[in-house]
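Undergrad: Attaching a single structure in structure tokens format; questions to follow.
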Amino acid sequence: MQKSGWSEFEIGAMLRSFEGATNNIAITHQEDRPYSKSNSFTASVADWRIVKPVFNKEYCIDCQFCWIYCPDISIISRDKKMIGIDMDHCKGCGICVEVCPTNPKSLLMFPEQQDEEAALSEWPAKEKKEN
Amino acid sequence: MSEMKNIKNLKEFSTSADRFEGANLLCPGCAHSIIVREVLNATNDDLILSAATGCLEVCTAVYPYTSWDASWIHIGFENASTAIAGAEAMHKALKRKGRLKQERDPKFVAFGGDGATYDIGFQWLSGCFERGHNMMYVCLDNEVYANTGGQRSSSTPIGASATTSPAGRVSYGEKMNKKDMLAIMAAHGAPYVAQVAPNKWKDMIKKIQTGFAANGPVYINAMSACTTEWKFLPEDTIAISDMATDSLVFPLYEIIDGTKLNITYRPKTVVPVEEYLAAQGRFKHLFKDEYKYLIKEWQERVDAKWDYLQRREEASV
Ligand SMILES: Cc1ncc(C[n+]2csc(CCOP(=O)(O)OP(=O)(O)O)c2C)c(N)n1
Ligand code: SF4
Ligand code: SF4
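Chains as they are written, first to last, in this note's numbering: chain F, 66 to 196; chain D, 12 to 328.
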């Protein structure tokens, strides 16, 4: 997209979130939406991260705590199932890991450069409850 | 009126299609966006939204991008309320004249920080409530002017260090009591006024839906834990919010028709205020010997307010 210098801004500007007409956006998921180039969905903040969440499906109970508390719409849930993380929009805050209630956790933070397979292979075992 | 979205549990709620997008520039872990998501996802109706200048606005409308999948307007710092009130008045007029292309009843929602709400946009907001517009105003209450670097507002609580009320050798930080916005907005005779917190999502959804169903102006005070200005790690936003609601520093309640007060959340175990304060850098200095008396005073203020709320609820006035 062509970017303007500060002195070329319009006094008022209108941005369209979608290309052309839309209907029922409230019940249309991201993959079926006609996003315009002006929608921040088409941008990425992946380079903000120094740590990243890795999802281990094996322990997930689909409680959806990560979905409700992720500030960045980066927990992808469809049909009541947590299916993955949107790595273009995740900022690596770590909230999803903190609110995950399973033992061991189904989400853990790893260094951004860590290989996902390697992360999954070193997943911690179930922790004993403290008395 | 359109049908209320049926949200029985979190699994069902998670089928919502967000109308707020990522790659906005809010800090990692910012509670503003958790609140916005919960508010917008409480309905499937059309939305007409506004935001006052502040973190939410600045970070979600960075030219040439928008993070909003609904009609959204920003004008100035003080007039998010009147911008949305104008849209609502126009919608009402067009409807009366039969000039609406489609018979749809959108929800009108304005967002503003506490700087925009408690201070700079206050008279505009008051005017909207006096005129009785059918709108919801959501204050994202992070108790500071975060977007401009952490100046105190009339929502900043006693003892917090802010850039214009810094703690140091001669001062313990903010000295003024936090303004009671809920009481002020209820005093306008608004049909619905409530305090919410993003960590209590079910309470939040219930109140937002009650607000959407109300006829007239609705004020929602949403506690918004700010990782940058409250000084805690981004991953702890929900943990800090839990401490805020469970210590009763942010009690959750609603006021109906300007008078009837209901407490909507009673913590099983009440957390000492000291724990809430200790978890945030903005209160760090209170733990020095010379300022420790302030922690005791804090607890007494919180206890007194809780006692007052309970008496109001019981008296049903
Ligand atoms: C009339 C006016 N005064 C001051 C400013 C500068 N300003 C922009 S954002 C901001 C702070 C916003 O604080 P708040 O409303 O608490 O929202 P937050 O950023 O904390 O979410 C200020 C002072 C402005 N834009 N307009
Ligand atoms: S790390 Fe933060 S932004 Fe990323 S998925 Fe988890 S909660 Fe969302
Ligand atoms: S400064 Fe605070 S309110 Fe502003 S974006 Fe960052 S965390 Fe959110």
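All C-beta atoms, glycine included, are put in the ideal place defined by N, C-alpha and C. Bear in mind that the values here come from a model prediction, so they are computed numbers and not experimental data.
Less than 6 Å between the CB of residue 148/D and some heavy atom of ligand 1, yes or no?
TA: What you label residue 148/D is simply residue 137 of the second sequence in a count that begins at 1. Because no heavy atom of ligand 1 lies under 6 Å away, the Cβ of residue 148/D does not count as near it: no.
Undergrad: With hydrogens ignored, establish whether the beta-carbon of residue 156/F is closer than 6 Å to any heavy atom of ligand 2.
TA: On the first sequence, residue 156/F is found 91 positions in, with the first residue counted as 1. Yes.
Undergrad: In its own chain, which residues sit with a C-beta less than 6 Å from the C-beta of residue 329/D, not counting the 5 before and 5 after it?
TA: With chain D covering 12 to 328 only, the question about residue 329/D has no answer from this structure.
Undergrad: Once you ignore the five residues that flank residue 47/D on each side, which residues in its own chain have a CB closer than 6 Å to its CB?
TA: Taking the first residue of the second sequence as position 1, residue 47/D is located at position 36. Closer than 6 Å at Cβ, skipping near neighbours: 31.
Undergrad: So which residues of chain F does residue 276/D contact, with C-beta pairs closer than 9 Å?
TA: Along the second sequence, read from residue 1 onward, the residue named residue 276/D stands at position 265. Per Cβ cutoff of 9 Å: no residues; residue 276/D is ~17 Å from chain F at best.
Undergrad: Tell me the DSSP secondary structure of residue 71/F in three-state form.
TA: Working through the first sequence from its first residue, we reach residue 71/F at position 6. Reduced to three states, the DSSP call for residue 71/F is helix.
Undergrad: Can you list, in chain order, the residues of its chain whose CB lies under 6 Å from that of residue 241/D, leaving out five sequence neighbours each side?
TA: As a first step, residue 241/D is located in the second sequence; it is residue number 230 there, counting from the start. 291 and 293.
Undergrad: Mind the definition here: the segment 91 to 98 of chain D touches the segment 43 to 63 of chain D only if three or more C-beta pairs lie below 8 Å; say whether that holds.
TA: Because the criterion of three Cβ pairs below 8 Å is met, the segment 91 to 98 of chain D and the segment 43 to 63 of chain D touch.
Undergrad: Is residue 169/F close to chain D? Criterion is C-beta to C-beta, closer than 7 Å.
TA: As a first step, residue 169/F must be located in the first sequence, where it is residue number 104. By this cut-off, residue 169/F is not an interface position.
Undergrad: For residue 220/D, write down the residues that DSSP places opposite it in a beta bridge.
TA: Counting from 1 along the second sequence, the entry for residue 220/D is found at position 209. In the DSSP output, where bridge partners are listed per residue, residue 220/D has none listed.
Undergrad: According to DSSP, is residue 77/D helix, strand or coil?
TA: For this step, residue 77/D is matched to residue 66 along the second sequence. It is a strand residue.
Undergrad: Work out the CA separation of residue 136/D and residue 169/F for me, nearest whole Å.
TA: Here residue 169/F corresponds to residue number 104 of the first sequence, with the count starting at 1. Here residue 136/D corresponds to residue number 125 of the second sequence, with the count starting at 1. Rounded to the nearest angstrom, the two C-alpha atoms are 48 Å apart.
Undergrad: Which first and last residues belong to the beta strand (DSSP E) in which residue 142/F is found?
TA: Your numbering for residue 142/F matches position 77 in the first sequence. That run of the beta strand (DSSP E) goes 140 to 143.
Undergrad: May I ask you to list the residues that DSSP assigns as paired with residue 120/F?
TA: For this step, residue 120/F is matched to residue 55 along the first sequence. Beta-bridge pairing links residue 120/F to 172/F.
Undergrad: Checking contacts by CB at 7 Å: is residue 80/D closer than that to chain F?
TA: Against the second sequence, residue 80/D aligns to sequence position 69. Yes, contact with chain F.
Undergrad: Sort out for me which residues DSSP pairs residue 124/D with in a bridge.
TA: Within the second sequence, the letter at position 113 stands for residue 124/D. DSSP, once it has assigned bridges, lists 151/D as partnering residue 124/D.
Undergrad: Please report the distance separating the alpha-carbon of residue 26/D from that of residue 283/D.
TA: Position 15 of the second sequence holds residue 26/D. Position 272 of the second sequence holds residue 283/D. Near 37 Å, if we compare the C-alpha coordinates of residue 283/D and residue 26/D.
Undergrad: Whole angstroms are fine: how far does the CA of residue 112/D sit from the CA of residue 281/D?
TA: Mapped onto the second sequence, residue 281/D falls at position 270. Mapped onto the second sequence, residue 112/D falls at position 101. Cα to Cα, residue 281/D sits roughly 53 Å from residue 112/D.
Undergrad: Could you give the first and the last residue of the continuous beta strand (DSSP E) run that contains residue 61/D?
TA: By 1-based counting over the second sequence, the position of residue 61/D is 50. Residue 61/D -> beta strand (DSSP E) spans 58 to 62.
Undergrad: Using only the heavy atoms of ligand 1, determine whether one of them is closer than 6 Å to the beta carbon of residue 243/D.
TA: Your numbering for residue 243/D matches position 232 in the second sequence. Residue 243/D Cβ: outside cutoff for every heavy atom of ligand 1.
Undergrad: Please name the residues in the segment 222 to 254 of chain D whose beta-carbon is closer than 9 Å to at least one beta-carbon of chain F, in chain order.
TA: Cβ contacts with chain F: 238, 244, 245, 246, 247, 248, 249 and 250.
Undergrad: Would you call the segment 119 to 131 of chain D in contact with the segment 146 to 162 of chain D, where contact means no fewer than 3 C-beta pairs closer than 8 Å?
TA: Contact between the segment 119 to 131 of chain D and the segment 146 to 162 of chain D is present, because at least three Cβ pairs lie under 8 Å.
Undergrad: Can you tell me the Cβ-Cβ gap for residue 243/D and residue 208/D, rounded? I've got them flagged as a contact below 8 Å.
TA: By 1-based counting over the second sequence, the position of residue 243/D is 232. By 1-based counting over the second sequence, the position of residue 208/D is 197. Going by Cβ atoms, the distance from residue 243/D to residue 208/D rounds to 15 Å, so no, they are not a contact pair.
Undergrad: Go ahead and pull the three-state DSSP assignment for residue 82/D.
TA: Looking up residue 82/D in the second sequence gives position 71. It is a strand residue.
Undergrad: Can you find a C-beta in chain D that's less than 7 Å from the C-beta of residue 160/F?
TA: Locating residue 160/F in the first sequence gives position 95, counting from the first residue. Cβ-Cβ to chain D under 7 Å: yes for residue 160/F.
Undergrad: Report buried or exposed for residue 118/F, applying the criterion of at least 16 other Cβ atoms within 10 angstroms of its Cβ.
TA: As a first step, residue 118/F must be located in the first sequence, where it is residue number 53. Classification of residue 118/F: buried, given that the 10 Å Cβ count is 16 or more.
Undergrad: Compute the Euclidean distance between the alpha carbons of residue 206/D and residue 328/D, then round it to the nearest angstrom.
TA: Walking along the second sequence from the start, residue 206/D turns up at place 195. Walking along the second sequence from the start, residue 328/D turns up at place 317. When rounded, the distance between both Cα atoms is 17 Å.
Undergrad: Assuming residue 197/D and residue 266/D make a contact with CB atoms under 8 Å, what is their CB distance in whole Å?
TA: Translated into positions along the second sequence, residue 197/D becomes position 186. Translated into positions along the second sequence, residue 266/D becomes position 255. Contact flag correct, Cβ pair sits at about 4 Å.
Undergrad: Whether or not the segment 115 to 131 of chain F and the segment 164 to 179 of chain F are in contact is what I'm after, with contact meaning three or more pairs of Cβ atoms, one per stretch, closer than 8 Å; do they touch?
TA: Yes, since at least three Cβ pairs between the segment 164 to 179 of chain F and the segment 115 to 131 of chain F fall closer than 8 Å, the two stretches touch.
Undergrad: One question on the structure: do residue 42/D and residue 235/D come within less than 7 Å of each other, judged by their Cβ atoms?
TA: On the second sequence, position 31 is the one that residue 42/D refers to. On the second sequence, position 224 is the one that residue 235/D refers to. Closer than 7 Å, so yes.
Undergrad: Taking only beta-carbon positions, decide if residue 24/F is within less than 7 Å of chain D.
TA: Outside the displayed range of chain F (66 to 196) lies residue 24/F, so it cannot be described from this structure.
Undergrad: Would a check of beta-carbon distances place residue 136/F closer than 7 Å to chain D?
TA: Working through the first sequence from its first residue, we reach residue 136/F at position 71. Chain D, which has a Cβ nearer than 7 Å to the Cβ of residue 136/F, makes this yes.
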